Structures are given as C-alpha cells and as structure tokens.
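Protein chains in written order, with the numbering used here: chain A, 1 to 273; chain B, 274 to 522.
Virtual Cβ for every residue (Gly too), placed ideally from N, Cα, C.
Quantities reported herein were computed from a predicted structural model and do not represent experimental measurements.
What follows is a single structure, written as structure tokens, with notes after it.
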C-alpha cells in the first residue's frame with residue numbers, strides 16, 4: 001500500500017464539490033450517491049496514484065444509496081474522505097471498504113434527522129419569518145438578505161462541518177486499528193444500521209394498497225386488511241422482493257424497471273397509491 | 274417572446290438543485306422578485322412571492338418526498354398573479370394548485386434522475402471518475418431544462434390558462450401511476466442497503482426496527498439511533514457477536 005497523504009487543498013476541493021452538487025442529481029433510487037462518488041473521484045485517484053482497479057473499487061463503494069442533510073450532515077462526507085485516506089494507507093489489513101459503508105449507513109439517518117431539525121426546523125423558519133415580514137411590505141432588499149446571506153451561512157456551516165468530519169475521521173484512526181476493535185465496531189454499527197433501516201422502510205416508502213371494493217353492506221378496504229396482518233406490509237414486501245431479485249443475480253436496472261412497472265400499473269389501476 | 278425566454282431561464286435556475294439556486298432562485302420570495310423584474314415590477318413581485326412563501330415556511334424535503342412543490346408555487350404563482358392582475362390573497366390561493374401540479378414535475382424529476390446512478394455505476398466500473406463528476410454536474414440540470422424550463426416557457430408564451438389545459442390533458446390514471454411509482458421507488462435503495470448490510474446476527478435488529486416503526490408509528494430516525502446505540506453498547510459489553518469471530522478463526 002502506498003503512503004499517500006491528502007493535503008488541505010484536496011479536502012477543500014472535495015468540500016466545495018459536495019456543497020455545490022450534493023443534490024444535483026437527487027433521485028429516488030440512490031439520492032446522494034452521485035455527489036459522494038463524484039467527490040471521492042479525485043481523492044481516490046490521488047490515493048491510489050491512478051490505479052484504475054482500486055479507483056473503480058472505491059467509486060463502486062460510494063455509488064451505494066446515500067442520503068443525509070447536506071449542511072450539518074457534511075461531517076459524514078468529510079469523515080469518509082479521512083477514512084478512505086486511512087484505508088489507502090492501511091498496512092495492518094484491519095481496515096476494509098465495508099467498514100466505511102457501515103459507518104456511512106449507520107450515521108446518515110441520524111445526521112439527516114439532526115440536520116433537518118436544526119436547519120429546516122429551526123434556523124430557516126426563524127430567519128424566513130423575519131425576512132418575509134419585511135418583503136411583504138415591499139422591501140426588496142429583504143429578499144436579497146435571504147438569497148445571499150443565508151446562502152453564505154449555508155456554506156459556512158457546510159465548510160466547518162466537513163472539515164470537522166475530516167479531522168474526526170483521521171484522529172480516531174488509531175483506535176480503529178486496535179486489534180478486534182473493527183469487529184466490535186462493525187457489529188455495533190450493524191446493530192444501529194439495521195435497526196434504523198427497519199424504521200427507514202416505514203418512513204421513506206409511503207406506498208400503500210388503496211383498492212377498496214364496495215359490498216352491499218360494507219366497503220372492503222384491502223389496504224387496511226393487509227395492514228391488520230402486518231402494518232406497512234406493502235413497503236416491506238416490496239423491499240424484500242427487490243432484495244430477493246438482486247440476490248437472484250438480477251441487475252439493479254432490472255429491479256428498477258420491475259418496481260417502476262409495479263408502481264405505474266398499480267397506481268393507474270387504483271390498487272396502489 | 275423575450276419575457277418567455279427569461280422566464281424559462283429563471284425556471285431552469287429555480288429548478289436546479291444546488292445551494293446557490295436554492296437561496297437565490299427557489300425560495301418563493303426570491304422567485305417572486307425575479308418574476309417581478311421580468312415583468313417590470315420587482316417590488317410587487319417580491320411582495321407576492323413573500324406572501325406565497327409564508328405557506329411554505331415549514332417546507333422540508335426529507336428523503337425527496339414533499340407535499341407541495343415550492344419551486345413552481347413561487348415562480349408561476351407570482352407570474353399568474355402579475356399577468357392575471359390578481360390581488361395578493363388570490364394569488365396565494367392560486368399558488369396551491371400550481372404547487373400540486375409542480376409536485377408531479379418533482380416526482381418525474383426524481384424518477385427520471387433515478388436512471389443516472391445506473392450510468393454512474395458503469396462509469397465507476399471503469400474507474401472513470403471524471404465522467405461521474407460531469408454527469409453529477411450536468412445530469413440534473415439537463416432534466417430541469419425539459420421538465421421545468423420548457424413548460425414554463427410554453428406557459429408564459431401561451432398564457433396562464435395553459436396550466437389548466439396541462440392538468441386536464443394528463444389522464445388521471447397516468448397521474449396516479451406516476452404518484453405510486455414515486456412512493457414505491459425508495460424500496461430499491463432500501464433493498465440495496467439491506468443486501469449490503471445483511472448479516473445473520475444483526476437481522477433481528479432490522480425486524481425490531483421495522484416492528485417498532487410499523488406498529489408504534491415512531492419514524493423519527495434520531496430515536497432509532499439513540500436506542501440502537503444504547504442497545505449495541507450493552508450487547509457488545511456482554512459479548513454479542515463474539516462467537517462469530519471465533520468461528521471464523
């Protein structure tokens with residue numbers, strides 16, 4: 001393994017790329033995987049000195065589903081940069097790519113929750129309420145205080161959190177490389193990650209069976225019948241179906257098209273909604 | 274024509290996902306200012322935009338799901354108000370159906386953009402990170418041109434009644450179909466995570482998390498992080514998962 005260190009400029013560039021494009025290709029399938037992989041590109045290229053195979057491995061790792069709050073949550077992409085640096089320089093064999101994914105997955109949900117609460121739930125409405133009161137009276141400058149001022153605030157938060165994340169990622173490295181610690185941390189994060197993932201299915205997949213048949217005396221609502229067996233039956237079974245198809249060796253594109261077809265036909269026929 | 278082109282440009286900037294656009298063009302108060310500027314009355318535009326903005330104060334797009342479209346409510350709401358000569362209160366009422374229409378555009382965007390990761394996967398396989406970066410920078414905006422800038426151009430050119438034609442021309446079943454797809458598609462992302470994180474010994478925690486969320490209705494992810502960390506902490510202390518370690522050696 002090569003001994004390549006990142007300098008401040010690399011981290012700053014990654015931070016800027018994250019800030020500018022964190023939502024640029026935001027999509028239902030993998031949300032922020034694109035900005036993550038795009039941000040890691042030059043980092044991986046430098047760490048592995050252009051070794052295509054290693055770079056490709058790293059890019060594939062960061063193309064996995066990722067979603068967090070872009071400002072306060074920037075601590076996580078910052079940390080990921082540091083972890084990739086550690087992985088590239090690791091000679092003990094204790095560190096591997098799966099650990100990075102585990103950390104990302106376990107932390108993105110909570111960070112999104114904290115970030116959204118602080119930013120969208122607290123800071124943004126408070127600033128907006130003051131600005132809108134002015135703007136409604138015809139003060140054009142108030143709109144610009146929002147446009148420029150809050151944009152700069154957004155950047156400041158992202159910049160600070162990203163760099164904090166990078167420092168944290170580097171400093172906890174010694175602990176990471178202690179014998180057995182990685183095993184413990186993966187189990188630890190596996191528990192937190194899987195526990196959260198179970199809840200994420202309920203939170204993010206909102207599709208339900210909406211089909212109902214009017215009988216002579218009563219209306220048969222299939223959705224509520226299903227939900228009486230297991231609540232959120234549809235989201236869970238669709239997730240497991242998608243998992244099963246992938247495990248069968250089907251490509252992600254194929255699974256995407258299957259889900260698209262189920263959703264479109266189901267929605268058009270009034271079964272799903 | 275010039276105004277329609279400027280509106281299309283504004284719709285593009287309004288729709289691109291990025292911090293400079295969010296604050297300078299997306300928030301209805303700023304969208305209102307720009308629309309007002311295009312039609313010669315930035316002060317009136319700012320006032321209308323700000324009024325529409327109030328109903329979107331708590332607007333949040335967690336995981337890409339949102340109730341009503343902030344983007345078009347401000348942009349087209351102000352346009353309709355200025356062109357239609359409506360008062361500010363009426364324009365707020367009109368912004369709501371526009372926001373609902375815009376929501377379908379957002380769903381369409383999020384769905385179509387779901388095809389970019391597939392392209393990126395291929396580039397990642399080849400180690401072509403520059404390709405990924407270009408796609409990341411241009412992929413979203415190119416969709417916005419078609420989904421947001423073009424309709425706004427047509428709406429401005431042919432008048433505000435075009436919105437109603439657009440709504441009625443989409444059959445209900447197609448709208449329902451697209452709506453269901455949007456609600457269902459996160460299942461793919463979840464399944465990929467599940468596939469990656471799956472280990473026999475942590476499967477019960479997945480079931481536990483699902484059961485708590487589904488039966489109790491608790492969907493604040495911070496709750497799961499806190500409880501999960503506490504659970505994991507205790508279990509690691511008592512040696513959970515250690516047998517597996519020995520078995521492997």
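Reduced DSSP secondary structure (H/G/I, E/B, other) of residue i
{"i": "residue 327 (chain B)", "result": "helix"}
{"i": "residue 337 (chain B)", "result": "Any answer about residue 337 (chain B) is weak, because its pLDDT of 43 lies below 50 and its placement is not dependable; what the coordinates show is given next. In this structure, residue 337 (chain B) counts as coil in the three-state DSSP scheme."}
{"i": "residue 177 (chain A)", "result": "Note that residue 177 (chain A) scores 48 on pLDDT, short of 50, meaning its location in the model is unreliable; the coordinates nonetheless yield the value given after this. It is coil, neither helix nor strand."}
{"i": "residue 66 (chain A)", "result": "strand"}
{"i": "residue 256 (chain A)", "result": "helix"}
{"i": "residue 213 (chain A)", "result": "strand"}
{"i": "residue 458 (chain B)", "result": "coil"}
{"i": "residue 269 (chain A)", "result": "coil"}
{"i": "residue 186 (chain A)", "result": "helix"}
{"i": "residue 25 (chain A)", "result": "coil"}
{"i": "residue 293 (chain B)", "result": "helix"}
{"i": "residue 6 (chain A)", "result": "coil"}
{"i": "residue 91 (chain A)", "result": "coil"}
{"i": "residue 221 (chain A)", "result": "strand"}
Contacts that residue i makes with chain B (C-beta to C-beta distance below 7 Å)
{"i": "residue 159 (chain A)", "result": "Residues of chain B passing the Cβ test: none, with the nearest at roughly 11 Å."}
{"i": "residue 11 (chain A)", "result": "Residues of chain B passing the Cβ test: none, with the nearest at roughly 17 Å."}
{"i": "residue 110 (chain A)", "result": "494, 495, 498"}
{"i": "residue 18 (chain A)", "result": "The contacting residues do not exist; residue 18 (chain A) stays about 10 Å from chain B at best."}
{"i": "residue 235 (chain A)", "result": "460"}
Residue i: contacting residues in chain B (beta-carbon distance under 9 Å)
{"i": "residue 165 (chain A)", "result": "Ordered by position in chain B, no residue passes the 9 Å Cβ test against residue 165 (chain A), which lies about 17 Å from the chain."}
{"i": "residue 6 (chain A)", "result": "Correct list: empty, because the minimum Cβ distance to chain B is about 15 Å."}
Top-ranked residue by Cα proximity to residue i, from the options
{"i": "residue 47 (chain A)", "options": "A:221, A:86, A:106", "result": "A:86"}
{"i": "residue 454 (chain B)", "options": "A:21, A:208, A:32", "result": "A:208"}
{"i": "residue 459 (chain B)", "options": "A:184, A:201, A:112", "result": "A:201"}
{"i": "residue 189 (chain A)", "options": "B:379, B:353, B:508", "result": "B:508"}
{"i": "residue 223 (chain A)", "options": "A:217, A:233, A:216", "result": "A:233"}
{"i": "residue 81 (chain A)", "options": "A:107, A:96, A:109, A:163", "result": "A:163"}
{"i": "residue 265 (chain A)", "options": "B:495, B:501, B:449, B:322", "result": "B:449"}
{"i": "residue 377 (chain B)", "options": "B:310, B:456, B:451, B:348", "result": "B:451"}
{"i": "residue 59 (chain A)", "options": "B:400, B:329, B:347", "result": "B:400"}
{"i": "residue 210 (chain A)", "options": "A:269, A:251, A:246, A:96", "result": "A:269"}
{"i": "residue 38 (chain A)", "options": "B:470, B:512, B:394, B:473", "result": "B:394"}
{"i": "residue 15 (chain A)", "options": "A:98, A:153, A:160", "result": "A:160"}
{"i": "residue 100 (chain A)", "options": "B:469, B:501, B:505, B:476", "result": "B:469"}
{"i": "residue 91 (chain A)", "options": "A:248, A:4, A:33, A:205", "result": "A:4"}
Chain B residues whose Cβ lies nearer than 8 Å to that of residue i
{"i": "residue 284 (chain A)", "result": "Because chain A is modelled from 1 through 273, residue 284 (chain A) falls outside the range shown and cannot be assessed."}
{"i": "residue 264 (chain A)", "result": "450, 451, 453, 454"}
{"i": "residue 146 (chain A)", "result": "296, 300, 302, 303"}
{"i": "residue 255 (chain A)", "result": "461, 464"}
{"i": "residue 60 (chain A)", "result": "394, 397, 398"}
{"i": "residue 15 (chain A)", "result": "Neighbours of residue 15 (chain A) on chain B: none; closest Cβ ~12 Å, over 8 Å."}
Rounded separation between residue i and residue j - CA only
{"i": "residue 297 (chain B)", "j": "residue 285 (chain B)", "result": "12 Å"}
{"i": "residue 42 (chain A)", "j": "residue 258 (chain A)", "result": "35 Å"}
{"i": "residue 466 (chain B)", "j": "residue 130 (chain A)", "result": "41 Å"}
{"i": "residue 44 (chain A)", "j": "residue 415 (chain B)", "result": "27 Å"}
{"i": "residue 390 (chain B)", "j": "residue 158 (chain A)", "result": "24 Å"}
{"i": "residue 492 (chain B)", "j": "residue 24 (chain A)", "result": "27 Å"}
{"i": "residue 320 (chain B)", "j": "residue 62 (chain A)", "result": "44 Å"}
{"i": "residue 361 (chain B)", "j": "residue 273 (chain A)", "result": "34 Å"}
{"i": "residue 56 (chain A)", "j": "residue 68 (chain A)", "result": "23 Å"}
{"i": "residue 183 (chain A)", "j": "residue 235 (chain A)", "result": "31 Å"}
{"i": "residue 494 (chain B)", "j": "residue 199 (chain A)", "result": "7 Å"}
{"i": "residue 410 (chain B)", "j": "residue 26 (chain A)", "result": "11 Å"}
{"i": "residue 430 (chain B)", "j": "residue 403 (chain B)", "result": "39 Å"}
{"i": "residue 11 (chain A)", "j": "residue 382 (chain B)", "result": "31 Å"}
{"i": "residue 108 (chain A)", "j": "residue 66 (chain A)", "result": "7 Å"}
{"i": "residue 112 (chain A)", "j": "residue 214 (chain A)", "result": "42 Å"}
{"i": "residue 329 (chain B)", "j": "residue 444 (chain B)", "result": "28 Å"}
{"i": "residue 502 (chain B)", "j": "residue 191 (chain A)", "result": "8 Å"}
Chain-ordered neighbours of residue i on chain A, where CB pairs are closer than 7 Å
{"i": "residue 430 (chain B)", "result": "Going along chain A, no residue has its Cβ under 7 Å from residue 430 (chain B), so there is no contact; the nearest lies around 26 Å."}
{"i": "residue 473 (chain B)", "result": "Neighbours of residue 473 (chain B) on chain A: none; closest Cβ ~11 Å, over 7 Å."}
{"i": "residue 502 (chain B)", "result": "192"}
Closer than 8 Å at the beta carbon, the chain A residues around residue i
{"i": "residue 389 (chain B)", "result": "25, 27, 34"}
{"i": "residue 326 (chain B)", "result": "128, 132, 135"}
{"i": "residue 468 (chain B)", "result": "243, 246, 247"}
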